[in-house]
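Numbering (numbering that gives the first Met the number 0), first residue to last: 0 to 925. Glycine is no exception: its CB is placed at the ideal position from the N, C-alpha and C atoms. Here the structure is a predicted model, which is why all the values come from computation and not from measurement. Notes follow once the structure below has been shown.
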Amino acid sequence: MRLFDRTKELGILSEAFTACARGSGQLVIVTGGPGSGKTELVYEFLTTVGETRAHVLTATGSRAQRSQPVSVFSQLLHSGEVPPDTLDRLPPFPGSDASTRDPRPSSGVDHISHEITGIILELAQDRPVVIAIDDAHLMDNESLHTTLALLSRIRTRKILVMCVSWGQDGLTGSHVHGDLIRRPHRRVRLAPLSEEGVAAMLTAQAGQRLPSDISDAYHRATAGNPMLLHALLDDSTRFGALTGRPIASTAYRQAVLACLHRGEPRHARVARAVAALGEFATARTVPLAVGAAPSPVQEVVEILNSTGLLDGYRFRHPVAASAVLEDIDPDERTRLHSEVARLLYLDGAPAPEVAKHLVAADRVPEEWGPPVLRTAAEQTLAADDVKQSTTYLRLMLRHSRDEGERHALSAALGRAEWRVNPAAAGTHLAPLRRPALDGRLDVRDTATVVRHMLWQGDTEPAAKAVATLGHTPSRADAQAIAEVEFIRQWFYGVPRVGKRTETAKLASLESGPVDDTHGLGPKVAQLISGSATDESVANVAEALQGHRLDHLKPELVAMSLLAIAHTDRTLTAARACEAVLECTVERKATTWQALIGSVRAEIALLQGDLATAELRATQALDMLHAQGWGVLIGLPLSTAVFARTSMGKHDAAAHLFKREVPETMFGTIFGIQYLRARGHHYLATDRAFAALNDFETCGRLMRDGNPHLQKGIPWCADLAQANLRIGKVRTAREWAERQIRLPGGHSSRSRAIALRVLAGASQPHQRTSLLRESIDLLKACGDRLELALAYADLSSAHYELGEYDRARLVARQAAQEAEWCRIESPVDNRLVAPAEASTGEDIAPILSDAECRVAGLAALGYTNREISSRIHVTISTVEQHLTRVYRKLNVASRAELPSKVLEHQIPTMSDPTNRNRSSAVEGRLA
């Protein structure tokens, strides 16, 4: 065994042996704390001495053998160096009961001591005798008497006696140390390893010199205690991290407990109190927790510091503290944590710190426990520690006997669990349905139960529960009721039975200083019920940015983002959604991530970004189990089906229909979207009658639901498409016209889709104007997928009318949009083939930007008046631009423009309306 930092100590032992070998008896006292390497030092020395043929006698003192007289010398004489015939001369060792034995040796023991010393003196006649007694402070009184007797006779003998002990005053057996040091002796004091010693040990273990910060980390964790250091090295080597930061595991934990148990029971008691108190362990609190006077506790703390376990009143490594706590008997652990909790409560410690000890003790003091645990649950939930928060609430629930309090605790548990696992929240909220319907819950808890009912699709019980609340004098309660009813109508699409809708009621609740954390509800209600202006959209976006997730409901946030998207501001909605998503990831709110991720997928679908829509929707689906999703599973599921169907991934889309969905979903807007997605999948796979059946079911459900949502969902246009596919052109036209006539809503998308379908059911000469209007609306709302389809239909219409150049020009636009959406081009490739190169000089650079825009729009078939309104100039200015364009391109009439635009590759400028809207809102939010 190689020792480090022990050259001086080995030198003292070697000098003592040399003197012994010359006939001068020696006593060496080796002292050091547990794990300081005393045993290793003596073993190394005895290995060297054994090579000189000296007699080596070894023994170890122990608490278990302190009741056995002369037990240490019994070990010494039976260690193999004493001939058996010599041992036969010894009389039997007397037995004794430690509880009744007189500490003064009896005459019989005196006789045995005399015989033992005689035998040892005989051994020393031919060669030196080395006696090593480890843990000498634990030797029995008779062995001490014999040791002292031997020491009095070795002055001129070849005998070396080594006594290894702690050397601390006030310890068990400290009188042994006191008796020994009164004899002439040499002293070896083992200090912890220095930083250099630790670095040398690490170098030897790793086979290379490690950076100083690594060796410093090992020294800080162990204070140079060799036992702890070896254990830490073993753990780090086992995990392959020797050249990195130390890793404390099994070996280190065992070493910590070994150091602790080599001391006295009071050492363990103090160490446990320090571990339990943690950062609150001080010279005042530890004695209170132990139930002892400060002075003896301070002595033990100093011993534990010298051992390398503590640094002041803190454990040097957190694993050491956990090892000490886990080593406690269950009853003692309960008592200790109860006492620590009481001390911390009286000292005004933070509620979570007190609550941790109440949980460890599984106790709730009636006088002060409940408020502390409730405060701790709220604070830890605000810090995103759902697990700890629910632990505190469960402890209260186990110990509560009051029915009302148990209901409130169950509701609080449901709210906390909902953040990460809606299915787990249901186990707490489902039993509260009857109390909610009976009016036995307060408004906040009733609202929580209603939200859970809606999440599961139980819309009728939810309506009954809200009805039980009746008149509430509190403004906050009134807002909570209006908010949950607002969610019921506008997020789930369930109609309200009554005269006045809660939308206007919620919108009338202006945010004030008392309830400004709930300002999102009124703002989104104003957006939905009023006019969709840049200001109203920015108000909602600002409310989303300005509040913590704790103060918002995920359904309301999702509804707000979708409302923004359906006001033709998908770019603003996408940016706001990404900001909320980033927050949900940071807050580890799994349910929020899943729901808002689904909304982001839906926004991407509204933009025609099919790859993003598919990716975000499938990611969201995998975040929660089907039971956790409830009826909301229809949101990501329908988005994923729409995206895959549009990209031609029909098998992948069909696979999604294997997922289990609740029957109650079809009583909400999510069931309608699911049926719409399935219907369009059927249309794309040539099952028009199956699609028609799903769309008719959607129509029935839409008519039974919230009528204000009909404008934003093109269900009539869906029916028109299905009827057009099966040849019922007249019926298709009627459904498309009905979609256009539907009142309310701020989205251009549904009208644009209806116009495109209506064009398909109209005569060729009527289609172009309908499709141009549809294209304008689609550019405004930003749906590039529908825009690609509308361009394709317009190209087909121009081709059917014999306007081939214009058809090719529009087809090029369709192909560009389809490429952005990552779908196959919806037009014939021959229409988008590159035009033959112009034989003359390139004309496009001669045209100004304004002339290019006017030429491009005119080539697409727009009239001068339509061009004027689109680029915000007078009709006269348009005419002047066209005159110059005709002259520069050598065009005689408007009919020749499409071919010239294609020939010279003049760009057809996209409409800036959508970009301007988004930038206006973004400027407000900047």
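C-alpha gap between residue i and residue j, whole angstroms
i    : j    : result
M558 : L631 : 12 Å
D233 : R315 : 18 Å
A464 : T445 : 7 Å
K727 : R439 : 56 Å
R1   : A320 : 30 Å
A653 : Y790 : 28 Å
D397 : L40  : Here the sequence assigns Arg to residue 397, which means Asp is not the residue at that position. When rounded, the distance between both Cα atoms is 55 Å.
A564 : G277 : 51 Å
S70  : G10  : 31 Å
D361 : H406 : 21 Å
S535 : Q525 : 7 Å
P713 : G801 : 32 Å
R811 : E865 : 22 Å
A364 : P286 : The residue asked about is misnamed: residue 364 is Pro in this sequence, not Ala. Approximately 22 Å between the Cα atoms of the pair.
T85  : I118 : 7 Å
D125 : T57  : 19 Å
R487 : L241 : 59 Å
E484 : R699 : 23 Å
V129 : M161 : 8 Å
E195 : Q207 : 14 Å
H110 : D133 : 25 Å
P494 : L453 : 13 Å
Q618 : A270 : 48 Å
R783 : G518 : 34 Å
A479 : A466 : 13 Å
E934 : V579 : The shown model of the chain, from 0 to 925, leaves out residue 934, and the question about it has no answer.
G262 : A148 : 28 Å
T447 : M395 : 20 Å
P553 : T590 : 8 Å
Terminal residues of the beta strand (DSSP E) in which residue i lies
i    : result
R186 : R185 to R188
L159 : I158 to S164
I441 : First, the residue type needs correcting, since residue 441 is Asp and not Ile in the sequence shown. Note, D441: premise wrong, no beta strand (DSSP E); not H, not E.
V900 : Where V900 is concerned, there is no enclosing beta strand (DSSP E), although the alpha helix (DSSP H) it sits in stretches over L896 to E902.
Q25  : Q25 to T30
D133 : V128 to D133
Host alpha helix (DSSP H) of residue i (start-end)
i    : result
A466 : T458 to A466
A267 : P264 to L276
V385 : V385 to H398
T928 : This structure gives no information on residue 928, because the portion of the chain shown stretches from 0 to 925.
D84  : P83 to L86
V890 : Segment: none, V890 is in no alpha helix (DSSP H) and carries neither H nor E.
Y251 : T249 to H260
Inter-residue CB distance, residue i and residue j (contact presumed, cutoff 8 Å)
i    : j    : result
A753 : A716 : 4 Å
P421 : G627 : 4 Å
L937 : A415 : Residue 937 lies beyond the stretch modelled for the chain, which goes from 0 to 925, so this question has no answer here.
Y673 : L620 : Wrong, their Cβ atoms sit about 13 Å apart, outside the cutoff.
I158 : C19  : 6 Å
I28  : H144 : In fact, because the Cβ distance is near 18 Å, the residues do not count as touching under 8 Å.
G678 : F694 : 5 Å
G492 : L757 : The pair is not a contact, with the Cβ atoms about 26 Å apart (cut-off 8 Å).
K887 : L846 : 6 Å
A760 : R732 : 4 Å
R771 : L793 : 7 Å
For this session: Specify whether the segment 457 to 477 and the segment 678 to 692 touch according to this definition: at least 3 beta carbon pairs, one from each stretch, less than 8 Å apart.
Result: Not touching, per the Cβ criterion.
Problem set entry | Those runs of the alpha helix (DSSP H) which lie wholly inside the segment 37 to 61 and span at least 4 residues | As far as the segment 37 to 61 is concerned, its whole alpha helix (DSSP H) runs of at least 4 residues are 37 to 49.
Exercise. At a cut of 8 Å, does the segment 560 to 573 reach the segment 592 to 607 through at least three beta carbon pairs?
Worked result: yes
For this session: Please determine if the segment 290 to 308 and the segment 30 to 39 are in contact, where contact requires at least 3 C-beta pairs separated by less than 8 Å.
Result: yes
Problem set entry | Ranges of the alpha helix (DSSP H) found wholly within the segment 670 to 747, counting only runs of at least 4 | 687 to 703, 714 to 724 and 728 to 740
For this session: Evaluate the contact criterion for the segment 811 to 821 versus the segment 774 to 788: three or more CB pairs, one atom per stretch, below 8 Å.
Result: yes
For this session: Spell out a yes or no on whether the segment 823 to 831 and the segment 873 to 889 are touching, meaning 3 or more CB-CB pairs, one atom from each, closer than 8 Å.
Result: no
Exercise. If you pair each beta-carbon of the segment 39 to 59 with each one of the segment 248 to 259, do three or more pairs fall below 8 Å?
Worked result: no
Problem set entry | Ordered list of alpha helix (DSSP H) runs contained in the segment 581 to 618, each at least 4 residues | 589 to 606
For this session: Taking only runs that begin and end inside the segment 788 to 870, name each unbroken alpha helix (DSSP H) of 4 or more residues, in chain order.
Result: Complete alpha helix (DSSP H) runs here, min 4: 803 to 820, 848 to 858 and 863 to 870.
Exercise. Should the segment 370 to 378 be regarded as contacting the segment 345 to 354, the criterion being three or more beta carbon pairs within less than 8 Å?
Worked result: yes
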